[in-house]
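Colleague: Numbers 5 to 148, taken from the working numbering, label the letters of the sequence shown in order.
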Amino acid sequence: MSVILSEIECEEIVKKATHQKDAKIFNFKIIGFGSYLGFLGEYFRLKINAAVNNSTREFNFFLKSLPLKDLKQRKMLEETGIFRKEVKLYENLILELSKFMIGDNNWCPMVYLFRDDLLVLEDLSLKNYEMLPFRFKFSKLHVE
5 MSVILSEIEC
15 EEIVKKATHQ
25 KDAKIFNFKI
35 IGFGSYLGFL
45 GEYFRLKINA
55 AVNNSTREFN
65 FFLKSLPLKD
75 LKQRKMLEET
85 GIFRKEVKLY
95 ENLILELSKF
105 MIGDNNWCPM
115 VYLFRDDLLV
125 LEDLSLKNYE
135 MLPFRFKFSK
145 LHVE
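1) Using only alpha-carbon positions, find the residue among Glu-13, Ile-86, Asp-74, Leu-97 that is nearest to Glu-46.
2) Please name the residue, chosen from Glu-62, Lys-144, Phe-37, that lies closest to Glu-15 on a Cα-to-Cα basis.
3) Can you round the beta-carbon distance between Leu-81 and Leu-44 to whole angstroms, since I take them to be within the 8 Å contact cut?
4) How many angstroms separate the CA atom of Ile-34 from the CA atom of Phe-48?
5) Note down, one range per segment and in chain order, each beta strand (DSSP E) of at least 3 residues found wholly within the segment 40–89.
6) Buried or exposed: where does Val-147 fall if 16 or more other Cβ atoms within 10 Å of its Cβ makes it buried?
7) Using 8 Å as the threshold, is the segment 83–97 in touch with the segment 53–60, meaning 3 or more CB pairs across them?
8) What does DSSP give as the partner residues of Asn-110 in its beta bridges?
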């Protein structure tokens with residue numbers, strides 16, 4: 005099983021990311037996120053080569069999918085609706101609240117595509133955000 009994304013969806017993603025009405029997709033690829041598997045999904049990087057306003061460049065995104073390798077985990081997420089709830093959170097609440105973001109001081113990633121089985125988000129690693137180490141323990145200072 006693999007993530008399926010259409011060229012039309014990639015075009016919409018680039019249009020949303022660039023706030024432009026036209027985009028021409030040359031190619032795109034979905035790359036595994038190493039061996040990391042999150043509890044609520046499987047993670048990938050999406051690379052899209054496209055032309056926007058006569059300028060060709062590569063666009064990079066973070067993709068979160070229902071699990072593809074662990075079918076028991078996928079079934080549990082589908083039965084409980086947890087992944088769909090996260091999609092609805094981005095589709096409704098976060099999309100509405102994101103209108104209040106100013107400049108690059110975002111408090112959450114921008115969302116560019118939401119489906120019941122996947123989310124395409126801004127790749128925050130491009131802004132030097134990193135995942136915390138596994139089993140990272142927060143100090144009192146972190147919590148405060």
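C-beta: ideal position from N, C-alpha, C; glycine also. No experiment lies behind these values; they were computed from the predicted model shown.
Modeller: If we stick to the structure as given:
1) Counting from one through the sequence shown, the residue named residue 46 turns up at place 42. Among Glu-13, Ile-86, Asp-74, Leu-97, the Cα nearest to that of Glu-46 belongs to Asp-74.
2) Walking along the sequence shown from the start, residue 15 turns up at place 11. Comparing Cα positions, the closest option is Glu-62.
3) Counting from one through the sequence shown, the residue named residue 81 turns up at place 77. Counting from one through the sequence shown, the residue named residue 44 turns up at place 40. So it is a contact: roughly 7 Å between Cβ atoms.
4) Position 30 of the sequence shown, counted from the first residue, corresponds to residue 34. Position 44 of the sequence shown, counted from the first residue, corresponds to residue 48. Straight across, the Cα-Cα distance linking Ile-34 with Phe-48 is about 6 Å.
5) With a minimum length of 3 residues, the continuous beta strand (DSSP E) runs that stay inside the segment 40–89 are 45–56, 59–69.
6) Within the sequence shown, the letter at position 143 stands for residue 147. Exposed, because fewer than 16 other Cβ atoms sit within 10 Å of the Cβ of Val-147.
7) With a cut-off of 8 Å, the segment 53–60 and the segment 83–97 do not count as touching, because too few Cβ pairs lie within range.
8) Locating residue 110 in the sequence shown gives position 106, counting from the first residue. DSSP lists no bridge partner for Asn-110.
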